[in-house]
Amino acid sequence: MTERPFSISGELTETGHRLVQRVYYEDTDFSGLVYHARYLHFLERGRTDYLRCLGVEQRELVSADEEGLVFVVHRMEIDFKSPARMDDVLTILTHTEKAGGAKMVLNQQIRAGETLLIAAKVIIAVINAKGRPRRLPETLAAKFLEGSTPL
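Its first residue numbered 1, the sequence shown is counted upward by one per residue in UniProt numbering.
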């Protein structure tokens, strides 16, 4: 058996992170188009695998120190540009715009080939294990900003 030329977690790029996903029947509605809420799933997978490729393990962060560290979506703006259909191959791009203080701002896109389907801005709150805001450690902020240029 030959090795796969890609990681199932996607890859870090010069602009951030890229993840490739296929659209399945379960992602579509009665019209055959991707149901609007399913795009949230694709975006979440992109963010989660971005962290994984950066070497950030969310399970470890929650218990890494006495306070714990958790990321939660605080706000999301989504522009639906064009629909995806069953069997389309989507590319989910994630780029860090800001990382510091008690929040991060991530820009995400979902594309089918060269066609932009979704543009999203996601504001992530950084909280402790008790749900209170906490500062993002500088070393972690630097990881998110390293090599991240605008999409």
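We put the beta carbon where it would ideally sit given N, CA and C, even for glycine.
Which residues share a DSSP beta bridge with residue i?
i    : result
M104 : A99, I124
A119 : D79, Q109
List the endpoints of the continuous alpha helix (DSSP H) containing residue i.
i    : result
H41  : 38-54
A141 : 138-145
Using beta-carbon positions only, say whether residue i and residue j come within less than 8 Å of one another.
i    : j   : result
I127 : V70 : yes
S82  : L43 : no
G16  : Y50 : yes
R45  : I92 : yes
Using the Cα positions of residue i and residue j, report the straight-line distance between them to the nearest angstrom.
i    : j    : result
L19  : H95  : 12 Å
I110 : E67  : 35 Å
G32  : G10  : 26 Å
R38  : A120 : 14 Å
L61  : H36  : 31 Å
V34  : G131 : 33 Å
M76  : N107 : 10 Å
V23  : R59  : 28 Å
H41  : R47  : 10 Å
L54  : L145 : 11 Å
A102 : P133 : 6 Å
What three-state label does DSSP hand residue i in the structure shown?
i    : result
F80  : strand
A112 : strand
L61  : helix
What are the boundary residues of the beta strand (DSSP E) that residue i is part of?
i   : result
E14 : Premise fails: E14 is in no beta strand (DSSP E) and is neither H nor E.
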